[in-house]
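Take the sequence shown: its position 212, counted from the start at 1, is 211 in numbering that gives the first Met the number 0, and no numbers get skipped.
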Amino acid sequence: MSETIPAPPTDILAVARTQVLERGEGLGEQQIHECLTLPDDRLEDLLALAHEVRMRWCGPEVEVEGIISVKTGGCPEDCHFCSQSGQFTSPVRAAWLDIPSLVQAAKETAATGATEFCIVAAVRGPDERLMSQVREGVEAINKEVDINIACSLGMLTQEQVDELAAMGVHRYNHNLEAPKSHFPKVVSTHTWEERWQTCEMVRAAGMELCCGGIVGMGETVEQRAEFAAQLGELEPDEVPLNFLNPRPGTPFAGYPLVEGAEALKTIAAFRLALPRTILRYAGGRELTLGDLGTRSGMLGGINAIIVGNYLTTLGRPTGSDLEMLDELKMPIKALSQTL
Numbered sequence: 000m001s002e003t004i005p006a007p008p009t010d011i012l013a014v015a016r017t018q019v020l021e022r023g024e025g026l027g028e029q030q031i032h033e034c035l036t037l038p039d040d041r042l043e044d045l046l047a048l049a050h051e052v053r054m055r056w057c058g059p060e061v062e063v064e065g066i067i068s069v070k071t072g073g074c075p076e077d078c079h080f081c082s083q084s085g086q087f088t089s090p091v092r093a094a095w096l097d098i099p100s101l102v103q104a105a106k107e108t109a110a111t112g113a114t115e116f117c118i119v120a121a122v123r124g125p126d127e128r129l130m131s132q133v134r135e136g137v138e139a140i141n142k143e144v145d146i147n148i149a150c151s152l153g154m155l156t157q158e159q160v161d162e163l164a165a166m167g168v169h170r171y172n173h174n175l176e177a178p179k180s181h182f183p184k185v186v187s188t189h190t191w192e193e194r195w196q197t198c199e200m201v202r203a204a205g206m207e208l209c210c211g212g213i214v215g216m217g218e219t220v221e222q223r224a225e226f227a228a229q230l231g232e233l234e235p236d237e238v239p240l241n242f243l244n245p246r247p248g249t250p251f252a253g254y255p256l257v258e259g260a261e262a263l264k265t266i267a268a269f270r271l272a273l274p275r276t277i278l279r280y281a282g283g284r285e286l287t288l289g290d291l292g293t294r295s296g297m298l299g300g301i302n303a304i305i306v307g308n309y310l311t312t313l314g315r316p317t318g319s320d321l322e323m324l325d326e327l328k329m330p331i332k333a334l335s336q337t338l
């Protein structure tokens, strides 16, 4: 009796070309893991395919966004990556931003060509004082600036979701931060399920949902694949992809930076998991990738970018990012006239 010859292993990039590029169907968890564990000599092929997918299903435009914190520091939660937690010895202290400063920041953001301006607050969830300030801020910005307004105010009640939607908030950011299986090692003061519930309420209210997380918080490669698959199930309109920038005084202060090749594989794998989603460069890319790596990520699936500084860390100079987009011939997305 002749011995059966086993079939050769299936090449994940060939599968992804048919499944994702041609049919627009995102990869599943095991397939994402295969992409994340490709040898480094396949990285260029992986990035090239992810770029093809981005161009096919999202187009060449890049969405530019600026963010500002209306309430910084003093947060009661214990997110181990965050220097704004009041539970750690990090140097960030509580501060509030007034409405004129908020409007000025929106004007400066719009002047870069950005179409999104995100108002962020370091809180578990908004109280009436914060909701009142957001209400006043949204109204003031809308009177003077032609820009979409997004918010990131923590976990919401149904009443707060409805109020933000009624204000005309275009998009709400609430990151899952980490895969479900790893979340208890990142945060102990609230649950992954609580975050998921806010995300579902936002989508049901008709606001766009922005939901991503941070790579490099001690999760395994298997858990990164889990996270991408969970985001695929949630189907957010936008996924901000952060790489841990270890902050002094936080429990993750001593964590190593994600290696450049590892970060680029993550970007490409997330694009193949989420072919139609806005995939945004967010915090940590400056340290993890540098200028050349940042450029590679733009050619490996990224189609949105935060310009300027982040909430408590410095970003690349806005001009550098805009010059890069010009060199890559990637047009900045214009503000939609239908919104």
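Every residue gets a Cβ at the ideal spot worked out from N, C-alpha and C, and that includes glycine.
Would you mind reading off the limits of the alpha helix (DSSP H) that contains Gly231? In the sequence shown, counting from the first residue as 1, residue 231 sits at position 232. That run of the alpha helix (DSSP H) goes 220 to 233.
Span of the alpha helix (DSSP H) holding Leu20? As a working mapping, residue 20 is identified with position 21 in the sequence shown. Leu20 -> no alpha helix (DSSP H), and no H or E assigned at all.
Is the beta carbon of Asp236 less than 8 Å from the beta carbon of Thr276? By one-based count along the sequence shown, residue 236 stands at place 237. By one-based count along the sequence shown, residue 276 stands at place 277. Cβ atoms of Asp236 and Thr276: closer than 8 Å.
What first and last residue would you give for the alpha helix (DSSP H) that runs through Cys57? Taking the sequence shown and counting its residues from 1, the one referred to as residue 57 is at position 58. Neither: Cys57 is in no alpha helix (DSSP H) and is coded neither H nor E.
Would you mind stating whether Glu143 and Ile98 have Cβ atoms separated by less than 8 Å? Within the sequence shown, numbered from 1, the residue matching residue 143 stands at position 144. Within the sequence shown, numbered from 1, the residue matching residue 98 stands at position 99. Here Glu143 is not near Ile98, since their CB atoms are 8 Å or more apart.
Tell me which residue opens and which closes the beta strand (DSSP E) that Arg279 is part of. In the sequence shown, counting from the first residue as 1, residue 279 sits at position 280. Judged by DSSP secondary structure, Arg279 falls within the beta strand (DSSP E) whose first and last residues are 277 to 280.
Using 8 Å as the Cβ pair cut-off and three pairs as the minimum, do the region 13 to 23 and the region 50 to 58 touch? The way I'd put it, the region 13 to 23 does touch the region 50 to 58; three or more beta-carbon pairs between them come closer than 8 Å.
Quick one: give me the first and last residue of the alpha helix (DSSP H) that Gly212 is part of. One-based indexing of the sequence shown puts residue 212 at position 213. No alpha helix (DSSP H) contains Gly212, which is instead part of the beta strand (DSSP E) from 212 to 214.
Just how far apart, CA to CA, sit Asn244 and Asp145? One-based indexing of the sequence shown puts residue 244 at position 245. One-based indexing of the sequence shown puts residue 145 at position 146. Between Asn244 and Asp145, the C-alpha separation is close to 32 Å.
Going by DSSP in three states, Val91 sits in which element: helix, strand or coil? Taking the first residue of the sequence shown as position 1, residue 91 is located at position 92. Confidence is the limiting factor: at Val91 the pLDDT is only 46, short of 50, which leaves the residue's position unreliable, though a coordinate-based value still follows. Under the three-state reduction of DSSP, Val91 is assigned to coil, being neither helix nor strand.
Going by beta carbon distance, what residues of the same chain come within less than 8 Å of Ile140, once the five residues before and after it are set aside? Here residue 140 is taken as the residue at index 141 of the sequence shown, counted from 1. Excluding residues up to 5 positions away in sequence, Leu101, Val102, Ala105, Phe116, Ile146, Ile148 lie with their Cβ nearer than 8 Å to the Cβ of Ile140 in the same chain.
Who are the Cβ neighbours of Thr312 in its own chain at under 7 Å, not counting the five residues just before and after it? Within the sequence shown, the letter at position 313 stands for residue 312. Any reading at Thr312 needs caution, since the residue's pLDDT is 46, under 50, leaving its predicted position unreliable; the model's value is listed next. Within the same chain, Thr312 has close Cβ partners Asn244, Gly282.
Among Leu208, Ala49, Tyr254, Met206, which one has its Cα closest to the Cα of Leu12? As a working mapping, residue 12 is identified with position 13 in the sequence shown. For the residues Leu208, Ala49, Tyr254, Met206, the minimum Cα distance to Leu12 belongs to Ala49.
Could you tell me the distance, in whole angstroms, from the CA atom of Pro274 to the CA atom of Glu24? Position 275 of the sequence shown holds residue 274. Position 25 of the sequence shown holds residue 24. In this structure, the CA atom of Pro274 is about 7 Å from the CA atom of Glu24.
What is the DSSP secondary structure of Ala13, counted as helix, strand or coil? Along the sequence shown, read from residue 1 onward, the residue named residue 13 stands at position 14. In the structure shown, Ala13 sits in a helix (DSSP, three-state: H, G or I).
Rounded to the nearest angstrom, what separates Leu175 and Gln157 at their Cα positions? Along the sequence shown, read from residue 1 onward, the residue named residue 175 stands at position 176. Along the sequence shown, read from residue 1 onward, the residue named residue 157 stands at position 158. Each residue's Cα considered, the two are about 18 Å apart.
Just list the residues that DSSP pairs Ile118 with in beta bridges. The sequence position of residue 118 within the sequence shown is 119, counting from 1. Bridge partners of Ile118: Ile67, Cys150.
DSSP state of Ser100 mapped onto helix, strand, coil: Here the question's residue 100 lines up with position 101 in the sequence shown. Under the three-state reduction of DSSP, Ser100 is assigned to helix.
Is Glu207 closer than 8 Å to His169 when the C-beta atoms are compared? Here the question's residue 169 lines up with position 170 in the sequence shown. Here the question's residue 207 lines up with position 208 in the sequence shown. With respect to Glu207, His169 sits close: the two C-beta atoms are nearer than 8 Å.
For Ser84, write down the residues that DSSP places opposite it in a beta bridge. Counting from 1 along the sequence shown, the entry for residue 84 is found at position 85. Looking at the DSSP assignment, Ser84 forms a beta bridge with Cys74.
Please classify Pro255 as buried or exposed, where buried requires at least 16 neighbouring CB atoms within 10 angstroms. Counted from its first residue, the sequence shown places residue 255 at position 256. Answer is exposed; the Cβ neighbour count stays below 16.
Using a Cβ-Cβ cutoff of less than 6 Å, which residues in the same chain neighbour Asp339 once the five nearest sequence positions on both sides are dropped? Only positions 0 to 338 of the chain appear in this structure, which leaves residue 339 out of reach.
Using a threshold of 8 Å, state whether the C-beta atoms of Ala120 and Val69 are closer than that. What you label residue 120 is simply residue 121 of the sequence shown in a count that begins at 1. What you label residue 69 is simply residue 70 of the sequence shown in a count that begins at 1. A contact, by the Cβ cut-off of 8 Å.
Taking all protein chains shown into account, do 16 or more other C-beta atoms lie within 10 angstroms of the C-beta of Glu127, making it buried, or fewer, making it exposed? Start at 1 with the first residue of the sequence shown, and residue 127 comes out as number 128. Label assigned to Glu127: exposed.
How many angstroms separate the CA atom of Thr108 from the CA atom of Thr9? If you number the sequence shown from 1, residue 108 lands on position 109. If you number the sequence shown from 1, residue 9 lands on position 10. Distance between the alpha carbons of Thr108 and Thr9: 46 Å.
Boundaries of the alpha helix (DSSP H) in which Arg194 is found, first to last residue: In the sequence shown, the residue the question calls residue 194 occupies position 195. Element bounds for Arg194: 191 to 203.
Spatial distance of Phe80 from Gly217 (CA atoms): Against the sequence shown, residue 80 aligns to sequence position 81. Against the sequence shown, residue 217 aligns to sequence position 218. Rounded to whole angstroms, Phe80 to Gly217 spans 11 Å at the Cα level.
Exposure label - Gln29; buried when at least 16 CB within 10 Å: Here residue 29 is taken as the residue at index 30 of the sequence shown, counted from 1. That one is exposed.
Tyr309 by DSSP, collapsed to three states: which one? As a first step, residue 309 is located in the sequence shown; it is residue number 310 there, counting from the start. With a pLDDT of only 45 at Tyr309, under 50, the local geometry of the prediction cannot be trusted, and the value read off the model is given with reservation. Looking at Tyr309 - three-state DSSP - the assignment turns out to be coil, as it is neither helix nor strand.
Are Ile304 and Val61 closer than 8 Å when you measure CB to CB? Here residue 304 refers to the residue found at position 305 of the sequence shown. Here residue 61 refers to the residue found at position 62 of the sequence shown. For the 8 Å CB-CB criterion, Ile304 and Val61 form a contact.
Thinking just about the alpha-carbon of each residue, which of Thr36, Glu258, Pro75 is nearest to the one in Pro125? As a first step, residue 125 must be located in the sequence shown, where it is residue number 126. Looking at Thr36, Glu258, Pro75, the one whose alpha-carbon comes closest to that of Pro125 is Pro75.
Would the C-beta of Asp325 count as close to the ligand ADP, meaning under 7 Å from any of its heavy atoms? No copy of the ligand ADP appears in this structure; indeed no ligand is present at all.
Which value, in whole angstroms, describes the spacing of the CA atoms of Gly296 and Pro239? Numbered from its first residue, the sequence shown carries residue 296 at position 297. Numbered from its first residue, the sequence shown carries residue 239 at position 240. Cα atoms of Gly296 and Pro239: separation of roughly 13 Å, rounded to the nearest angstrom.
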